[in-house]
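Engineer: Okay, here's the structure, questions in a sec.
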Amino acid sequence: MRFVFSVLAVLILVGCTATGPKFSDHNAGLKPEPGKALVYVYRLDQFRGVGVTSPFLDNGKQVGILNAGGYITFQTDPGEHEFRTDVHVVDEAMLLDVVEGQTYYLKIFTQGVWRMVFNTVLVPEEKAVIELKEMRYQGD
352 MRFVFSVLAV LILVGCTATG PKFSDHNAGL KPEPGKALVY VYRLDQFRGV GVTSPFLDNG
412 KQVGILNAGG YITFQTDPGE HEFRTDVHVV DEAMLLDVVE GQTYYLKIFT QGVWRMVFNT
472 VLVPEEKAVI ELKEMRYQGD
C-alpha cells in the first residue's frame, strides 16, 4: 500500500511541473512591440511548492500560469506595475516602473519553513538567460 501511495505522489508532483518547448527552442530573441515592454516570468524548479500552480498577475490581471520549471512572456504598457503570484498563500508583490522598449526578467521562487512565501524578483538579463535555458514555455 505504501508503494501505491509513493507512486501516486510522484505522479502528482510530476504532473505539476512545466511542459512545453525549452527556452532556447521557443521565444528566445523576442523583442518588445512598439509602445510596449517585454516581460519574461519564470519559476524555479524547486521541490518546495512543486505541487502548487502559480497564476501570475500584472496589476491584478492574470497574464499566465506557471508550474515549477516554467516560463511565460507577455507585452505590457509602460508605467508603474505590481507583479505577483496569486496562489492563496503569502504572495509578495514586486513594484516596477516599466519603460517602453525594455525587456524585463522576473523570477518566482518560494521560501519559508513554517509557511510558504512566493516571491517575485527582478533578475539581470545575464543571469536570467542562464536560468531560463532549462525552463519550459507555458504560454498560449
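For my numbering, add 351 to where a residue sits in the sequence shown, where the first one is 1.
Cβ coordinates follow ideal geometry from the N, Cα and C atoms, glycine included.
Predicted model only: the values in this text are computed from it and were never measured.
Please classify V492: does DSSP put it in a helix, a strand, or coil?
Structural biologist: No answer is possible for residue 492: the residues shown for the chain start at 352 and end at 491.
Engineer: L408 and F434 - do their beta-carbons sit closer together than 9 Å?
Structural biologist: Against a cut-off of 9 Å, the Cβ pair of L408 and F434 comes out as a contact.
Engineer: One question on the structure: do Q413 and D442 come within less than 9 Å of each other, judged by their Cβ atoms?
Structural biologist: Not closer than 9 Å, so no.
Engineer: Is D396 close to chain B, meaning its C-beta is less than 9 Å from at least one C-beta of that chain?
Structural biologist: Absent from the structure: chain B. Only one protein chain is present.
Engineer: For Q413, write down the residues that DSSP places opposite it in a beta bridge.
Structural biologist: BP columns for Q413 point to L408.
Engineer: Would you say L457 and T471 are within 9 Å of each other, going by their C-beta atoms?
Structural biologist: Contact flag set, yes.
Engineer: Kindly indicate the opening and closing residues of the beta strand (DSSP E) around K458.
Structural biologist: Where K458 is concerned, the enclosing beta strand (DSSP E) stretches over 454 to 462.
Engineer: Taking the alpha carbon of Q489 as the reference point, which residue from N410, A444, N418, L395 has its own alpha carbon closest?
Structural biologist: Among N410, A444, N418, L395, the Cα nearest to that of Q489 is on N418.
Engineer: With DSSP collapsed to three states, give me the class of E477.
Structural biologist: The answer is helix: DSSP assigns E477 an H, G or I state.
Engineer: How many angstroms separate the CA atom of E477 from the CA atom of N410?
Structural biologist: Computed Cα separation, rounded: 26 Å.
Engineer: How many whole angstroms separate the CB atoms of L395 and T454, which I take to be in contact at a CB cut-off of 8 Å?
Structural biologist: So it is not a contact: roughly 20 Å between Cβ atoms.
Engineer: Using the Cβ count rule (16 or more neighbours within 10 Å means buried), how would you classify G415?
Structural biologist: Per the 10 Å Cβ criterion, buried.
Engineer: DSSP puts D448 in a beta bridge; with which residues?
Structural biologist: E431.
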